[in-house]
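S.K.: Structure provided below as structure tokens; questions to follow.
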Amino acid sequence: FPQPKCHPETRTKLLDNLYNWAIDLNSHHSIHWLHGPAGAGKSAVMQTLCRRLEESGWLGGSFFFKRGHSTCGSAKVLFPTLAYQLAFHRHELMGPISRSVERDLSVVGRCMDVQLKNLILEPFKLAGGASPSVLLIDGLDECDGHNIQREILRLIGSTADDPHLALRILVASRPEPHIRE
């Protein structure tokens, strides 16, 4: 089924604001939260922004959670998917990410903190001057459960002050209390 996208000439101010935040390397805010009630169009905004970032060369990767979907509803594949896409979009990361998987073939099935460290954080450090990248995570409230959602936010938050990461992360979700915290 087709993914939602914004109709032409709609939500332009929001899309421009998000795009400008994403590419502003001088901003001290590397993580941003887009939130709104069900049906507000968050996924359409994220899909449209994803395409725009990809066309301009800023997209590192994206993940769109879908409640009840066999793979898109599971946090187990979040960081491996983002790492795969980073290797595809940022060729300087391909070698470090590939070597990480070669060293530990089970890394894609390990806990999320190990996945994030071995598949994304360490490769960025090893690559040195990796090109700035934007990661989009949509529908966080639709993944596995509240505790997993909090863990993803904790892990993402732990990257905020890392000077080795030229990385921006945009998360979209409903404004659930456990996410808002």
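In the numbering used here, the protein residues as written are 422 to 602. Positions of the beta carbon are idealized from the N, C-alpha and C atoms, including for glycine. Predicted model, so just to flag it, every value in this text is computed and none were measured.
Can you give, in chain order, each stretch of the alpha helix (DSSP H) that sits fully within the region 442 to 485 and has at least 4 residues?
M.R.: Qualifying alpha helix (DSSP H) stretches, in chain order: 463 to 477.
S.K.: Tell me the rounded alpha-carbon separation between R432 and S527.
M.R.: The residue you call residue 432 lines up with position 11 of the sequence shown. The residue you call residue 527 lines up with position 106 of the sequence shown. Cα-Cα distance, rounded: 42 Å.
S.K.: From F545, L507, G560, R511, pick the residue whose C-alpha is nearest to that of K487; which is it?
M.R.: Locating residue 487 in the sequence shown gives position 66, counting from the first residue. It is G560 whose Cα lies nearest to the Cα of K487.
S.K.: Ordered along the chain, which non-local residues of its own chain (more than five positions away) have a Cβ less than 8 Å from that of L436?
M.R.: Here the question's residue 436 lines up with position 15 in the sequence shown. Cβ neighbours of L436 beyond the five flanking positions: C427, V466, T469, L470, R473.
S.K.: Counting C-beta neighbours from all protein chains within 10 Å, is the total for D582 16 or more, i.e. buried, or is it exposed?
M.R.: Along the sequence shown, read from residue 1 onward, the residue named residue 582 stands at position 161. Burial call: exposed.
S.K.: In chain order, which continuous runs of the beta strand (DSSP E) of length 3 or greater are located wholly inside the region 516 to 562?
M.R.: You should have 554 to 559.
S.K.: Looking only at its chain, what residues have a beta carbon closer than 6 Å to the beta carbon of A508, apart from the 5 residues adjacent to it on each side?
M.R.: For the purposes of this step, residue 508 is taken as residue 87 along the sequence shown, with counting starting at 1. So the list reads L514, M515, I518, once near-sequence residues are dropped.
S.K.: Would you please state the rounded distance, in angstroms, between the beta carbons of A504 and I541? I believe it to be under 8 Å.
M.R.: Counting from one through the sequence shown, the residue named residue 504 turns up at place 83. Counting from one through the sequence shown, the residue named residue 541 turns up at place 120. With a Cβ gap of about 5 Å, A504 and I541 count as contacting.
S.K.: Give me, in chain order, the residues of the same chain whose beta-carbon lies closer than 7 Å to that of P544; leave out the 5 immediate sequence neighbours on both sides.
M.R.: Taking the sequence shown and counting its residues from 1, one reaches residue 544 at position 123. Excluding positions up to five away in sequence, the list reads L514, P517, I518, S521.
S.K.: Between W479 and the rest of its own chain, which residues show a CB-CB distance below 8 Å, the 5 nearest in sequence each way excluded?
M.R.: Stepping through the sequence shown from its first residue, residue 479 is reached at position 58. Excluding positions up to five away in sequence, the list reads A443, I444, P553, S554, V555.
S.K.: For I590, which beta-bridge partners are listed by DSSP?
M.R.: For the purposes of this step, residue 590 is identified with residue 169 of the sequence shown, where counting begins at 1. Answer is I452, L556.
S.K.: Closest by CA to L588, which one among H567, L557, A459?
M.R.: Locating residue 588 in the sequence shown gives position 167, where the first residue counts as 1. Residue L557 is the option with its Cα nearest to L588.
S.K.: For K538, which of D562, F500, H510, E572 has the nearest alpha-carbon?
M.R.: Locating residue 538 in the sequence shown gives position 117, where the first residue counts as 1. Ranking the options by Cα distance to K538, first place goes to F500.
S.K.: Under three-state DSSP, which class holds G434?
M.R.: For the purposes of this step, residue 434 is taken as residue 13 along the sequence shown, with counting starting at 1. First, the residue type needs correcting, since residue 434 is Lys and not Gly in the sequence shown. Helix, per DSSP.
S.K.: Name the residue from G550, L586, P596, P458 whose alpha carbon lies nearest to the alpha carbon of R571.
M.R.: What you label residue 571 is simply residue 150 of the sequence shown in a count that begins at 1. Checking every option, the nearest Cα to that of R571 belongs to P596.
S.K.: Could you check if I444 belongs to the surroundings of the ligand GDP, using beta carbon to heavy atom distance under 8 Å?
M.R.: Within the structure as shown, the ligand GDP is missing, as the structure has no ligands at all.
S.K.: Give the DSSP-derived three-state secondary structure of R601 in the structure shown.
M.R.: Within the sequence shown, numbered from 1, the residue matching residue 601 stands at position 180. It is helical.
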